[in-house]
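J.: According to my numbering, the stretch in the sequence shown is residues 21 to 172, in order.
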Amino acid sequence: MSERKLVVGLGNILLKDEGVGVRCVELLRSRNLNQDVKIVDGATMGFDLLEEMRGFDRVVLVDAVDMGKEPGYIASFGAEELLKVAGGKKFSLHEFNLVDVIQLGKKLGYPMDKVRIVGIQPAEVGWGSRLSKIIEEKLPELAGRVLREISD
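#1: Cβ atoms of Lys126 and Asp77: under 8 Å apart, would you say?
#2: DSSP beta-bridge partners for Ile137?
#3: What are the partner residues of Ile59, as DSSP defines its beta bridges?
#4: Could you check what DSSP says for Leu48 in three-state terms: helix, strand or coil?
#5: Give the single residue among Gly39, Arg51, Gln55, Arg49 whose Cα lies nearest to the Cα of Val85.
#6: Quick check: what's the CA-CA separation for Asp56 versus Pro142?
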């Protein structure tokens, strides 16, 4: 039996680059991926994200992440690594904090070792429904990184 994989795009498409996770999963949907990969727009999920992750062997979360790097920088983290790197600070840019979701998941016994986060440093966060030019140009690379994460 093959692995069940979940890709969740996080963010708010009304705040420019903040919506890059959602835009990434839209791009991935257009590629007609394997049936073992479920793609979800998780823009408004919050802590419901934990329930969505149940039953999957591999989970990749895609988000705009403030890493203090140059705009367009892409990085992948395991859930534990994200907790160490974040050091208690808010890591993602929207209402719910990805660090809090991961910490709650650990406390509730969710297998967070199967979770990977693919983040991209945003260039512009503010009102607007379009991604900045640099993030728009990096979208295919971001999608490629997500595909590698679910394939490894």
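We put the beta carbon where it would ideally sit given N, CA and C, even for glycine.
T.: Let's see:
#1: At the C-beta level, Asp77 and Lys126 stay beyond 8 Å of one another.
#2: DSSP, once it has assigned bridges, lists Leu81, Phe97 as partnering Ile137.
#3: Bridge partners of Ile59 according to DSSP: Val27.
#4: Here Leu48 sits in helix by DSSP.
#5: Comparing Cα positions, the closest option is Gly39.
#6: Cα-Cα distance, rounded: 30 Å.
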